[in-house]
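K.L.:
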Amino acid sequence: MKTSWKKFLSLLGRYKKGQTNPEQTRMMDIWYDSIHHDDKHSAVNTDQNLELEIWQGIERGLQSPSEATGHRLKWWNNNFLRLAVAAVLVLGGVFLTNRYFADETQIISGVPAVAMEHLNIVTNRQDSSLTVDLSDGSKCWLAAGSSLFYPSVFEESNRIVYLKGEGYFEVEKDAGRPFLVYADNIVTKVVGTSFTVKKLKGTSNIEVAVYSGKVIVEKIKGQPGNSLRKSVVLTPNKKVTYLLDDDAFLPGLIDKPALLNGYSNTDQTEIFAFKEMAVSEILTRFEKAYDVKFIVSSDQIKNCIVTADMSLDPSLFSKLEILCAAINANFEVRGGDIFITGQGCEK
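For what it's worth, UniProt numbering labels the leading residue of the sequence shown as 1, then goes sequentially.
1) Rank I108, C324, I160 and V171 by C-alpha distance to the C-alpha of V296 and give the top, closest one.
2) So which of E156, F154, N185 and E155 has the shortest CA-CA distance to L163?
3) Taking the C-alpha atoms as reference points, what is the distance between T341 and I160?
4) For V153, which residues of its own chain have a beta-carbon under 6 Å away from its beta-carbon, when the five flanking residues on both sides are left out?
5) G335 by DSSP, collapsed to three states: which one?
6) Using CA coordinates, which residue listed in F149, N21, I282 and A144 is at the minimum distance from K201?
7) Quick check on V279: does DSSP put it in helix, strand or coil?
8) Could you name the residues of the same chain whose beta carbon sits closer than 6 Å to that of F339, not counting the 5 residues immediately before and after it, in chain order?
9) In whole angstroms, give me the CA-to-CA distance for K198 and I305.
10) Please classify L11 as buried or exposed, where buried requires at least 16 other C-beta atoms within 10 Å of its C-beta.
11) Is the segment 273 to 284 in contact with the segment 248 to 256, if contact means three or more CB pairs nearer than 8 Å?
12) Only counting the same chain, and skipping five residues up and downstream in sequence, which positions put a Cβ closer than 7 Å to that of D291?
13) Helix, strand or coil for G167, going by three-state DSSP, please let me know.
14) Leaving out the 5 sequence neighbours to the left and right, which residues in its chain are closer than 6 Å to V190 when beta-carbon positions are compared?
15) Using C-beta distances below 7 Å, list every residue in its chain close to R125, excluding the 5 sequence neighbours before and after it, in chain order.
16) Going straight from the alpha carbon of S311 to that of Q268, what length do you get?
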């Protein structure tokens, strides 16, 4: 019972701060409705009678969860109601906590809710992103409508958080403590990097995109299905989408591939100002600067000679548009590679 009391106090505190998820909010609303008395109510009721009355109110609320509750006061500021809360914390705590964790066994698909019950919960209810500072110095920018579950202090052996929705992470390097982000059905493991994990709208698919460093994405252990590779390694400018219905990982490039750290501070004219250079050599420079792979359909395209200054725009796709226009070719992203096809330059 002592553990349930602590769970309920934690849930009560998060409810007051607006940090509960929809299911937790519903349960707390039902509990609040059960103790919502008129302030003129006699305060001489015995604790036993008050507990019984509140218990009956909770039961009625659970039987009619769709019933309108009307305007809710800030009930934690009401003296009488605070006494009512004190009188039934044990009763309400046991009931609500057990009910919540029994009904919602998996807040994150593949993760038992009991693994998350002692964690802090932040839900972003604003339109813009919300910054969450973690104990190791890492940060998460939580997208609107998303929730992050995390401990006050990370363990000595690892750093684990749980994400519902979308979040962009910048992780502090710590080789001895990997950083793990659990989302629906998959887990992303990193040491130090920046990346995004998000659930794609209108689907059950999860996308992981990497901007710096390296991450490993794999299916949560114990999940059904064995058509997946053991893991997928992502480097900068790469992404992978877990397709739930197909039980498969789909590789790809991020929408705007950026220069790798070693190239972003270098004089761009030295790298991308080309004078009578073969396309094959130009593409080799692109591969090194953006960590991407090109597949060219013919040697005729590879051997084309180009003179052009592509140093002004850092966008890879803008550079490719200039290049393809010069050699009568086209490019297309397929999975994690870029294909270049066409007739090529005239001899």
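Even for Gly, the Cβ is constructed at its ideal location relative to N, Cα and C.
Every value quoted in this text rests on a predicted model; they were computed, and no experiment measured them.
P.N.:
According to the data block:
1) C324
2) N185
3) 44 Å
4) S135
5) coil
6) A144
7) helix
8) I295 and E332
9) 42 Å
10) buried
11) no
12) T235, P236, N237 and L260
13) strand
14) V171, F179 and V215
15) G18
16) 5 Å
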